[in-house]
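Residue numbers (my numbering), protein chains in the order written: chain A, 1149 to 1444; chain B, 1149 to 1444.
Printed below as a string of structure tokens:
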């Protein structure tokens, strides 16, 4: 299967699973569940869930083993976008070409929709039926890992430093802190969860972790580059918005060429990390290439 | 031990445990951890943690078995207060006599401090060291239960309906929905977690659940009454603020006398529910009485 077919096929799987795991629009309170679904089904690429599936598959597992956790991860990602877009934060009116959650449902409901998505994600990770073939100790490990990468010393921490750095001169370590925590962490968590639920042994988890660390950072460097050179229509947001906002980015710190070089280098590191897994990790390698070469 | 000493002693235990489980102010990002600690150590009564401890003790367990989960519950309670106080929600400037989180740290950091407290709560619930003597299946059950009572069909759902009902005529079932979901749920979850971690059998959990359902609702009815007749100094917030805001309350729906009668009735239901547990549940009975007769 080529990478384009793979992305399409696995994202369709994720969408169907989300449809199953997300409370329907008719469930009370309706406005809340509508707001949650609005952002979850807003045309995201499902990159984190797909990476989780691919990591599981690279170890001989199959998508069905991780679909609930993949949905949980997408819900955490979605909550972070809803809260990031709020007036008190990035104050964005559009995301993926559609009005942001608070523009449609109001600020209060948007805050609560984010809170609920985060909470429901943990409910799903702990769901008895979804985990019926998973050793309980692994389920707990997965929950601890996801909370750690999403929490105050993970994604939320990265968002705080990103916000505090706006319009300021920051050094390179601070930029790397923001990128590895705010974006890289959930990607790294996704592949590790895929490996754990796929039944990986310690050395396989270690290889996947090296892959995820490099791929996660590469994703954000590529994102920074796309914000400078990307096509507005493909991105669904304004090109150059990082710069306009005084956001810390790789191209701003290193220049565009060196930023691209860094993205390619990270892609290489990610791919090499997979060597111990052999041929079964080919799709993960393709995903690393896709991450740095995508156009949206 | 009389109830006053019990409350003081157990809340001191909880404070010490929170000191241990909450990242210190020096941990990066400092502003985030300062904001989280500001609200967690703002003089809360630790009612949910104390109820959890008491439930565990009533089954022959001891406080040490549940302290980590008690901290997690207090962190979830605290996150909900921070988000409730935001300008987009209740827009409160003071809580417990001190400026609210967003008045001190700004809206963006307050939102993120809430997000981080919620996420860290799940990390602590899944912590390997804290759960070393707990069967893994029980740990997962606890996490699922907490997420369910805190999520879109629990606490967050209650907050949405509460918000949407402001200034509107609502019927009694809607008022009960708000109170059982927004406040009652976390109290009910707290005693159930205490029972589960204390090693309760199914019939003991069922008794504790009946207790928690009644006590949780009684707490909110008493809260509504205090908002009308309470002493501003003891409450740390403006008396009559619910009415000023057009909030749905028991006294507004039933009148003050009937509301007090309902609180007493719920207290009686809570106490009777404990009968199967015998003498060891005396402190839980005292707590039910305290809940409806407190002055702040």
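C-beta: ideal position from N, C-alpha, C; glycine also.
Would you mind telling me which residues of chain A sit closer than 7 Å to residue i, beta carbon to beta carbon, in chain order?
| i | result |
| --- | --- |
| residue 1271 of chain B | 1292, 1295, 1296 and 1299 |
| residue 1284 of chain B | 1284, 1285 and 1288 |
| residue 1174 of chain B | Within 7 Å Cβ-Cβ: nothing; residue 1174 of chain B doesn't reach chain A, min ~12 Å. |
| residue 1275 of chain B | 1292 |
| residue 1234 of chain B | 1259 |
With a threshold of 16 other CB atoms inside 10 Å of the CB of residue i, please say whether the residue is buried or exposed.
| i | result |
| --- | --- |
| residue 1152 of chain B | exposed |
| residue 1443 of chain A | exposed |
| residue 1316 of chain A | exposed |
| residue 1427 of chain A | exposed |
| residue 1399 of chain A | buried |
| residue 1441 of chain B | exposed |
| residue 1222 of chain B | buried |
| residue 1390 of chain A | buried |
| residue 1203 of chain A | buried |
| residue 1306 of chain A | buried |
| residue 1279 of chain B | buried |
| residue 1268 of chain B | buried |
| residue 1238 of chain B | buried |
| residue 1263 of chain B | buried |
| residue 1196 of chain B | buried |
| residue 1276 of chain B | exposed |
| residue 1174 of chain B | exposed |
| residue 1158 of chain A | buried |
| residue 1320 of chain A | exposed |
| residue 1149 of chain A | exposed |
| residue 1350 of chain B | exposed |
| residue 1236 of chain B | buried |
| residue 1329 of chain A | buried |
Which residue marks the beginning of the alpha helix (DSSP H) containing residue i, and which one marks its end?
| i | result |
| --- | --- |
| residue 1158 of chain B | 1151 to 1169 |
| residue 1178 of chain B | 1178 to 1188 |
| residue 1273 of chain B | 1255 to 1273 |
| residue 1326 of chain A | 1320 to 1327 |
| residue 1406 of chain B | 1404 to 1421 |
| residue 1197 of chain A | 1195 to 1206 |
| residue 1216 of chain A | 1215 to 1233 |
| residue 1425 of chain B | No alpha helix (DSSP H) holds residue 1425 of chain B; DSSP gives it neither H nor E. |
| residue 1292 of chain A | 1284 to 1298 |
| residue 1358 of chain B | 1350 to 1377 |
| residue 1175 of chain A | Premise fails: residue 1175 of chain A is in no alpha helix (DSSP H) and is neither H nor E. |
| residue 1343 of chain B | 1333 to 1345 |
| residue 1281 of chain B | Note, residue 1281 of chain B: premise wrong, no alpha helix (DSSP H); not H, not E. |
| residue 1236 of chain B | Here residue 1236 of chain B belongs to no alpha helix (DSSP H), and DSSP marks it neither H nor E. |
| residue 1307 of chain B | 1303 to 1313 |
| residue 1390 of chain B | 1389 to 1392 |
Taking Cβ-Cβ distances shorter than 8 Å, what residues in chain B pair up with residue i?
| i | result |
| --- | --- |
| residue 1307 of chain A | 1260 |
| residue 1321 of chain A | Under the 8 Å cutoff, chain B gives no residues; its nearest Cβ is about 11 Å from residue 1321 of chain A. |
| residue 1312 of chain A | 1177 and 1179 |
| residue 1304 of chain A | 1180, 1260, 1263, 1264 and 1267 |
| residue 1184 of chain A | 1300 |
| residue 1171 of chain A | 1300 and 1301 |
Once the 5 residues before and after residue i are set aside, which same chain residues still bring their CB inside 7 Å of it?
| i | result |
| --- | --- |
| residue 1318 of chain B | 1396 |
| residue 1266 of chain A | 1224 and 1227 |
| residue 1249 of chain A | 1183, 1186, 1187, 1230, 1233, 1258 and 1261 |
| residue 1251 of chain B | 1241 |
| residue 1213 of chain B | 1204, 1345 and 1346 |
| residue 1417 of chain A | 1362 |
| residue 1401 of chain B | 1320 and 1323 |
| residue 1180 of chain A | 1257, 1260, 1261 and 1264 |
Under 8 Å from any heavy atom of the ligand MG, does the C-beta of residue i make it?
| i | result |
| --- | --- |
| residue 1402 of chain B | Among the components of this structure there are no ligands whatsoever, and the ligand MG is therefore not found. |
Name the DSSP bridge partner or partners of residue i?
| i | result |
| --- | --- |
| residue 1246 of chain B | B:1243 |
Residue i versus chain B: which residues are under 9 Å apart at the beta carbon?
| i | result |
| --- | --- |
| residue 1237 of chain A | 1255, 1256, 1259 and 1260 |
Whose Cβ in chain B lies nearer than 7 Å to the Cβ of residue i?
| i | result |
| --- | --- |
| residue 1231 of chain A | 1259 and 1263 |
Only counting the same chain, and skipping five residues up and downstream in sequence, which positions put a Cβ closer than 6 Å to that of residue i?
| i | result |
| --- | --- |
| residue 1338 of chain A | 1196, 1199, 1200 and 1221 |
| residue 1286 of chain B | 1344 |
| residue 1366 of chain A | 1411, 1414, 1415, 1439 and 1440 |
| residue 1172 of chain B | none |
Excluding the 5 residues flanking residue i on each side, which residues of the same chain have their C-beta closer than 8 Å to its C-beta?
| i | result |
| --- | --- |
| residue 1340 of chain A | 1203, 1293, 1353, 1356, 1357 and 1360 |
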